[in-house]
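Here's the structure, in structure tokens; my notes come after.
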Amino acid sequence: MATPQDHRGRCKLTLLWVLLGTLWEMGTGQIRYSVPEETDKGYFVGNISKDLGLEPRQLSKHGVRIVSRGRAQLFALNARSGSLVTAGRVDREELCAQSARCVLNINILDEDRGQLFGIEIEITDINDNKPQFQAENLEVKINEIAAPGARYPLPEAVDPDVGVNSLQSYQLSSNLHFSLDVQNGDDGAVRPELVLERALDREQEAVHHLILTALDGGEPRRSSTAHIRVTVLDTNDNAPVFAQPTYRVKVPENVPQGTQLLAVRASDPDEGANGKVVYKFWKINAQHSPFFVLNETTGEISIAKSLDYEECSFYEMEIQAEDGGGLLGRTKVLISVEDVNDNRPEVTITSLLSPVLESSPPGTVIAFLNVHDRDSGKNGQVVCHVGDQLPFKLEKSVDNYYRLVTWKDLDREEVSSYKITVVVSDLGTPPLATETHISLMVADTNDNPPAFPRASYSAYIPENNPRGASIFSVTAQDPDSQENAQITYSVMEDTISGVPLSTYVSINSDTGILYALQPFDYEHLRELQLWVTASDSGDPPLSSNASLTIFVLDQNDNAPEILYPTLPTDGSTGVELAPRSAEPGYLVTKVVAVDRDSGQNAWLSYRLLKASEPGLFSVGLHTGEVRTARALLDRDALKQSLVVAVQDHGQPPLSATVTLTVAVADSIPAVLADLGSLKPSVEADEADLTLYLVVAVATVSCVFLAFVIVLLALRLRRWHHSRLLHSAGDGLSGMPASHLVGIDGVQAFLQTYSHEVSLTTDSRKSHLIFPQPNYADTLISQESCGKNASLLTSVDFQECKDEAACAQVSSVLPLAVPLCLR
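Note that the sequence shown covers residues 4 to 825 in this note's numbering.
This is the structure in structure tokens:
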């Protein structure tokens, strides 16, 4: 058990080594420590946090750790104190054998700052081993004729310690015949020799027993003993002599087992047993002896176990030749092992940053790699590289460490993961290579806005749609991932005719489906224009827009509306005149109707639904013109009743009817006469006749008054003309062109209708209307007729407010009402 003085001495020695290590670090710029061997676990080696400029608590925060190959089990980091301590028992002899200086190099990685620090730790020797003989019992044979002064080498003791702690001297027990002489070799070895002081006499004493003691110089001194048995032999005056004092041989490390390396030869001129030589190992390291086999008879040395240059590159041994008479000869054998490129480079990933953000700048450290090749020379020199097509490169760090860094920007949308192959090859012949595969994931950043496939869209919806009807679906794509690719849809706020857009449509924020919030009316709203926004959920969010135009499709929801003939507001029935001399095809009147729908829903067709005299009149299918189908006969009734139906082409079709009364007569007196000659069959006919008489009287008065007015109208013709067109334009300007039906376009408006007279009667008054032949048709409201009675012969289209209004007038109103008489 060690005394307190021993402990104090050991502590002083430790402090001295620490001080020397600190001074050495200050002088060279590298961190150096020293620690004595055989210390307990947790022994303080050095304050690593102070030397790295970190607080103790920051070691784990910065990811500081030991990454050295094969040395991590000897030392550890104390995160609480920030010091480097031993992780277990440290045996200097096991690590460095008998090297004069035992230095271990470890590396400490600061993962946060991406730096490696080299640490040099010297293991100081303590006297923990005593000199040890290979055998405790030794036998020396000496011929009795040996002369005083003869020397006999003795086995050497081995002490794995170094310096003063190693083997220093030998002592021999006292004996009258022998003494001990110690020789110091050139290699520093201490070799004991037994010296014969007095001649031996086998007959007096055949065996001598000696005690050989080996001592080191440590404190306290350690020693061991070996028992030497000296046998006195009979006379043998020639010792074996080797052909060479030293044998040297070189052998590659991959030589197979059983290969003969060399054969030593010793000769002895004696005869018989004294000349027979036996070979054996005299001095060989215990760790080296299993690798070689010596044939005792032939002296051949063979390989017993595969050699490894990386384990040991040089072997030294001594071979002894002994004859039958006990005489010895010795030679030295030196075996040099040549390196063969039999080890592939080894790659260890000490640190890996995965995943890495795609926004990481070039130069970002991805991983630390340790590359090691156990071979030496060119066989141990390595070259590292990664694929040229990858955005990564290798940079040399300290020792055999490399950093894998980015050298250009990453884009997760192009490549989301990488299979990085690091190829490490040595410079041997042939070269050996190792591939290491690193899987690296690229983390997403929100660098892509959602994108619509198209910049604009068109959607169609029939009018009168139900509330909540699905109109259209838009979809945007975002190449990002997770929340950066979660898209939310919205519609930009806007107003349509002062009404918020949100009252018309809404959009599902998750699916992008657009819904109608109310029914649309084609006659009031033809289209909606809006902007759809797609936003992701990144930070910050990104968005993009697309325009959407919603077209409202017309449905047949409006029945045709008859504009002419119009029913009088006072309840009377209009009468159309047809002369008895009218030829077949004579234009009696024209039914004019419009449909507020558009397209096919507004295409109108006319047909004669009912007539009091079948076959007498016909109605134009597309024009609505009522014409005579045959010549009028005397037998035809004065009063003809026609029912005309107007129907559109929608699905289902809608229709309207109008009842026309046609009076057949050649002149106004004839009308009155015919009306008077009519014999009423019922009381209603008498009332009609009375009405006709009243109308005739009023008509005569109107004719007289008309002549007076015509004279004034000639002067005021232009003024009346402008005012009349202005009034007609105001009445039709609010009606869209698509709501008015005119199959023949402008030409229909320009057709000339020749009417002889139009007669209307009721119970209270009568009206005669005389249109003039060969005048352009003009539509005059009853209000205009009441205010003026001018004769209009032409229409100036330049007075129309716009082109659409002109088209409406031209397609719908091919009528001529040039004169109103009361």
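C-beta: ideal position from N, C-alpha, C; glycine also.
Point to revise | Buried/exposed call for Asp164, threshold 16 Cβ in 10 Å | key: Taking the sequence shown and counting its residues from 1, the one referred to as residue 164 is at position 161. Asp164 is buried by the Cβ-count criterion.
Check your understanding: Around the Cβ of His388, are there at least 16 other Cβ atoms within 10 angstroms (buried) or fewer (exposed)?
Key -> On the sequence shown, position 385 is the one that residue 388 refers to. Exposed is the call here.
Practice item. Please state whether DSSP places Pro503 in a helix, a strand or coil. Key: Walking along the sequence shown from the start, residue 503 turns up at place 500. Pro503: strand per DSSP, three-state reduction.
Check your understanding: Counting pairs of beta carbons, one from the stretch 223-242 and one from the stretch 132-150, are three or more of them closer than 8 Å?
Key -> Yes, since at least three Cβ pairs between the stretch 223-242 and the stretch 132-150 fall closer than 8 Å, the two stretches touch.
Practice item. On the DSSP bridge assignment, give the partners of Val477 in chain order. Key: Position 474 of the sequence shown holds residue 477. Bridge partners of Val477 according to DSSP: none are assigned.
**Study point:** Cβ-Cβ distance between Thr552 and Val665 below 9 Å
**Key:** Translated into positions along the sequence shown, residue 552 becomes position 549. Translated into positions along the sequence shown, residue 665 becomes position 662. No; because the gap between Cβ atoms is not below 9 Å, this pair is not in contact.
Exercise for review: Compute the Euclidean distance between the alpha carbons of Asp273 and Asn241, then round it to the nearest angstrom.
Suggested key: Against the sequence shown, residue 273 aligns to sequence position 270. Against the sequence shown, residue 241 aligns to sequence position 238. Taking the straight line from one Cα to the other gives about 6 Å.
Exercise for review: Starting from Gln489, follow its DSSP beta bridges and name the residues at the other end.
Suggested key: On the sequence shown, position 486 is the one that residue 489 refers to. In the DSSP assignment, Gln489 forms no beta bridge with any residue.
Point to revise | Rounded straight-line distance, which links the Cα of Leu175 to that of Ala217 | key: Looking up residue 217 in the sequence shown gives position 214. Looking up residue 175 in the sequence shown gives position 172. Going from the Cα of Ala217 to the Cα of Leu175 covers about 9 Å.
Exercise for review: State the DSSP-derived secondary structure class of Leu52, mapped to helix, strand or coil.
Suggested key: Within the sequence shown, numbered from 1, the residue matching residue 52 stands at position 49. Note on identity: in this sequence residue 52 is Ser, with Leu being the wrong assignment. When secondary structure is reduced to three states using DSSP, Ser52 falls in the helix class.
Review point. Counting along the chain, where does the alpha helix (DSSP H) carrying Leu62 start and finish?
Key: Here residue 62 is taken as the residue at index 59 of the sequence shown, counted from 1. Boundaries of the alpha helix (DSSP H) around Leu62: 61-64.
Check your understanding: Do you know how far the Cα of Pro59 is from the Cα of Glu196?
Key -> Taking the first residue of the sequence shown as 1, we reach residue 196 at position 193. Taking the first residue of the sequence shown as 1, we reach residue 59 at position 56. A straight line joining the alpha-carbon of Glu196 with that of Pro59 spans about 59 Å.
Exercise for review: Return the chain-ordered ranges of every beta strand (DSSP E) run that is complete within the stretch 92-127 and spans a minimum of 3 residues.
Suggested key: Along the length of the stretch 92-127, whole beta strand (DSSP E) runs at least 3 residues long occupy 106-113, 118-127, reported in chain order.
Exercise for review: Can you give me the Cβ contacts of Val368 inside the same chain, cut-off strictly under 6 Å, excluding the 5 residues immediately before and after it?
Suggested key: Within the sequence shown, the letter at position 365 stands for residue 368. Once the five neighbours on either side are set aside, the close Cβ partners of Val368 are Gly117, Arg406, Val408.
Check your understanding: Taking Cβ to Cβ, would you say Ile51 is nearer than 9 Å to Leu80?
Key -> Numbered from 1 along the sequence shown, position 48 holds the residue referred to as residue 51. Numbered from 1 along the sequence shown, position 77 holds the residue referred to as residue 80. Their beta carbons are under 9 Å apart, which means Ile51 touches Leu80 by this criterion.
Point to revise | Proximity winner among Phe317, Leu714, Ile109, relative to Ile126 (alpha-carbon distances) | key: Within the sequence shown, residue 126 is the residue found at index 123, counting from 1. Selected option, being the one with the closest Cα: Ile109.
Practice item. My understanding is that Gly515 touches Tyr492, with C-beta atoms under 8 Å, so please give their C-beta distance in whole angstroms. Key: For the purposes of this step, residue 515 is taken as residue 512 along the sequence shown, with counting starting at 1. For the purposes of this step, residue 492 is taken as residue 489 along the sequence shown, with counting starting at 1. That pair is a contact at about 4 Å.
Practice item. Answer yes or no: the CB of Val713 versus the heavy atoms of the ligand MG, is any distance below 8 Å? Key: This structure lacks the ligand MG; in fact it carries no ligand of any kind.
Check your understanding: Which residue from Arg268, Asn132, Lys286, Ser379 puts its Cα closest to that of Ser226?
Key -> Here residue 226 refers to the residue found at position 223 when the sequence shown is read from its first residue. Closest option to Ser226, judged by alpha-carbon separation, among Arg268, Asn132, Lys286, Ser379: Asn132.
Point to revise | Which of helix, strand or coil DSSP assigns to Ile712 | key: Position 709 of the sequence shown holds residue 712. Secondary structure at Ile712: helix, using DSSP grouped into helix, strand and coil.
Point to revise | Arg638 (DSSP reduced to helix, strand or coil) | key: Residue mapping note: residue 638 aligns to position 635 of the sequence shown, counting from 1. Looking at Arg638 - three-state DSSP - the assignment turns out to be coil, as it is neither helix nor strand.
Exercise for review: Using three-state DSSP, classify Ala209 as helix, strand or coil.
Suggested key: Position 206 of the sequence shown, counted from the first residue, corresponds to residue 209. Coil, per DSSP.
Check your understanding: Is the shortest distance between the beta-carbon of Glu586 and the beta-carbons of chain C less than 9 Å?
Key -> Of the protein chains in this structure there is only one, and it is not chain C.
Check your understanding: Is it true that the stretch 415-431 meets the stretch 458-467, where meeting means three or more beta-carbon pairs spaced less than 8 Å apart?
Key -> No, the stretch 415-431 does not touch the stretch 458-467.
Point to revise | Start and end residues, beta strand (DSSP E) containing Phe371 | key: Counting from one through the sequence shown, the residue named residue 371 turns up at place 368. Where Phe371 is concerned, the enclosing beta strand (DSSP E) stretches over 368-375.
Review point. Just reading off the beta strand (DSSP E) that Gln186 is part of, what are its end residues?
Key: As a working mapping, residue 186 is identified with position 183 in the sequence shown. From DSSP, the beta strand (DSSP E) with Gln186 extends over 181-187.
Review point. In terms of DSSP beta bridges, what is Val385 paired with?
Key: For this step, residue 385 is matched to residue 382 along the sequence shown. Answer is Asp429, bridged to Val385.
Exercise for review: Can you tell me which of the three DSSP states Gln785 falls into?
Suggested key: As a working mapping, residue 785 is identified with position 782 in the sequence shown. Any answer about Gln785 is weak, because its pLDDT of 34 lies below 50 and its placement is not dependable; what the coordinates show is given next. Helix.
Point to revise | His211 versus Arg232: straight-line alpha-carbon distance, rounded | key: Locating residue 211 in the sequence shown gives position 208, counting from the first residue. Locating residue 232 in the sequence shown gives position 229, counting from the first residue. Using only the alpha carbons, I get a separation of about 6 Å.
Point to revise | the stretch 321-341 / the stretch 280-300 touching (three or more Cβ pairs under 8 Å) | key: Touching, yes, given that three or more Cβ pairs across the two stretches are closer than 8 Å.
**Study point:** Member of Lys308, Arg268, Tyr250, Val555 whose CA lies at the smallest distance from the CA of His527
**Key:** For the purposes of this step, residue 527 is taken as residue 524 along the sequence shown, with counting starting at 1. It is Val555.
Practice item. Would you check if the distance between the CB atom of Met444 and the CB atom of Pro358 is smaller than 9 Å? Key: If you number the sequence shown from 1, residue 444 lands on position 441. If you number the sequence shown from 1, residue 358 lands on position 355. A contact, by the Cβ cut-off of 9 Å.
**Study point:** Close-in-space but distant-in-sequence residues of the same chain around Asp524 (CB under 7 Å, 5 per side omitted)
**Key:** Taking the first residue of the sequence shown as position 1, residue 524 is located at position 521. Beyond the five residues adjoining it in sequence on each side, Asp524 comes within less than 7 Å, by CB distance, of Glu466 in the same chain, given in chain order.
Review point. Beta strand (DSSP E) containing Met320: first to last residue?
Key: On the sequence shown, position 317 is the one that residue 320 refers to. Unbroken beta strand (DSSP E) run through Met320: 317-325.
Exercise for review: Reducing DSSP to helix, strand and coil, say where Ser71 ends up.
Suggested key: Stepping through the sequence shown from its first residue, residue 71 is reached at position 68. When secondary structure is reduced to three states using DSSP, Ser71 falls in the coil class, being assigned neither helix nor strand.
Exercise for review: List the whole-angstrom C-beta distance separating Arg610 from Ala648, where the pair is believed to meet the contact cut-off of C-beta under 8 Å.
Suggested key: Along the sequence shown, read from residue 1 onward, the residue named residue 610 stands at position 607. Along the sequence shown, read from residue 1 onward, the residue named residue 648 stands at position 645. The pair is a contact, with the Cβ atoms about 5 Å apart (cut-off 8 Å).
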